[in-house]
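Each remark here refers to the structure printed beneath this line.
Numbering (UniProt numbering), first residue to last: 1 to 284.
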């Protein structure tokens, strides 16, 4: 079989490519920046893929059996729905869609795309993960190197999940039987508040990292000052509101049910990524 992986440089996408290659599956990487993707994924076929360029999407889908479909969190539904239509026109029979925890309870673009896939006639599987552990080794890494974690999470708990586990579920759905029509809520093994997150990173690095709660208004102000699009500011504000409201604490056994093993705990993630937070501590 041949699998097209979209958004391959995303936290999950890069792991999906790697794990498919480990299984000997023929992978086509659909990338916005082709040269960068060729360096990142040696041995994989890399082709242009741009949601805004329908010709690139058509060509990327040609001869593909299955599609791993991911898109930026603040992307509107229409471009993604169009990819679904083009996939069906190209004869793609299976779509594994990266969504988000709780998408089924909303009318946001993620759920709109899910509904479109459900009506497409394809065999589909939805991945609805909790917050990625890898956020702390990427977008929050500089902050943590400074010794503090600033988030408007209050004392809310979150069932953080490792992107490697999300990818493992995706690969199982792409290559195995029994996953059509399934929606998996993918979480880690426990829900943690941000004090516990900071403590785990402190334990892995041997350095003092502390959680500093901030307000939602401070988050929005900081994001806008950094040039974040207003749609993304609104998305992050809503997500943190859900954390404070206790809506991100659900823990499921879907990783174990699908992969046969327990999900990676946050302490293991922190140990695996301790080098990311190395460097001189700054005053928080």
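All C-beta atoms, glycine included, are put in the ideal place defined by N, C-alpha and C.
| Query | Result |
| --- | --- |
| Jot down the residue ranges of each uninterrupted beta strand (DSSP E) in the segment 135-188, minimum 3 residues, whole runs only, in chain order. | 148-151, 182-186 |
| In angstroms with no decimal places, state the Cα-to-Cα distance between residue 148 and residue 2. | 44 Å |
| Pull up the distance between the alpha-carbon of residue 132 and that of residue 54, whole angstroms please. | 30 Å |
| Any idea which residues DSSP pairs residue 50 with across the strands? | 53 |
| How big is the Cα-Cα spacing for residue 142 and residue 276? | 9 Å |
| Using the C-alpha atoms, what's the distance from residue 103 back to residue 224? | 25 Å |
| Check the C-beta distance from residue 44 over to residue 29 and give it rounded, since I have them as a contact under 8 Å. | 5 Å |
| Considering only residues of the same chain and omitting the five flanking positions on each side of residue 74, which have a CB-CB separation below 7 Å? | 229, 231, 232, 235 |
| For residue 165, count neighbouring Cβ atoms within 10 angstroms of its own Cβ and tell me buried if that reaches 16, exposed if not. | buried |
| Measuring CB to CB, does residue 168 end up less than 9 Å from residue 19? | yes |
| Among 227, 258, 81, whose alpha-carbon lies nearest the alpha-carbon of residue 184? | 258 |
| Let's test the definition: count the other Cβ atoms within 10 Å of the Cβ of residue 215 and tell me whether it reaches 16, buried, or not, exposed. | exposed |
| In whole angstroms, give me the CA-to-CA distance for residue 114 and residue 34. | 28 Å |
| Report the partner residues of residue 123 according to the DSSP bridge assignment. | 94 |
| Just confirm the distance between the C-beta atoms of residue 86 and residue 61, as a whole number of angstroms; I'd bet it's less than 8 Å. | 6 Å |
| Have a look at residue 69 and residue 42 and give me their C-alpha separation to the nearest angstrom. | 21 Å |
| Rounded to whole angstroms, what is the Cα-Cα separation between residue 227 and residue 221? | 10 Å |
| Using only alpha-carbon positions, find the residue among 66, 37, 264 that is nearest to residue 26. | 66 |
| To the nearest whole angstrom, what separates the beta carbons of residue 210 and residue 198, a pair I think is in contact under 8 Å? | 6 Å |
| Comparing C-alpha positions only, which one of 144, 101, 32 sits nearest to residue 278? | 144 |
| What did DSSP end up calling residue 15 once you bin it into helix, strand or coil? | helix |
| Please look up how many angstroms separate the CB atoms of residue 162 and residue 264, rounded, as I've assumed it's under 8 Å. | 4 Å |
| Just the C-alpha distance for residue 193 and residue 253, rounded to the nearest angstrom, thanks. | 20 Å |
| Are the beta-carbon atoms of residue 96 and residue 174 separated by less than 9 Å? | yes |
| Within 10 angstroms of its Cβ, does residue 121 collect 16 or more other Cβ (buried), or is it exposed? | exposed |
| Less than 9 Å separating the beta-carbons of residue 49 and residue 31? | yes |
| For residue 181, count neighbouring Cβ atoms within 10 angstroms of its own Cβ and tell me buried if that reaches 16, exposed if not. | exposed |
| Would you mind sorting residue 138 into buried or exposed? The rule is 16 or more other CB atoms within 10 Å of its CB. | exposed |
| Using alpha carbons as the reference points, say which of 155, 159, 64 lies closest to residue 89. | 64 |
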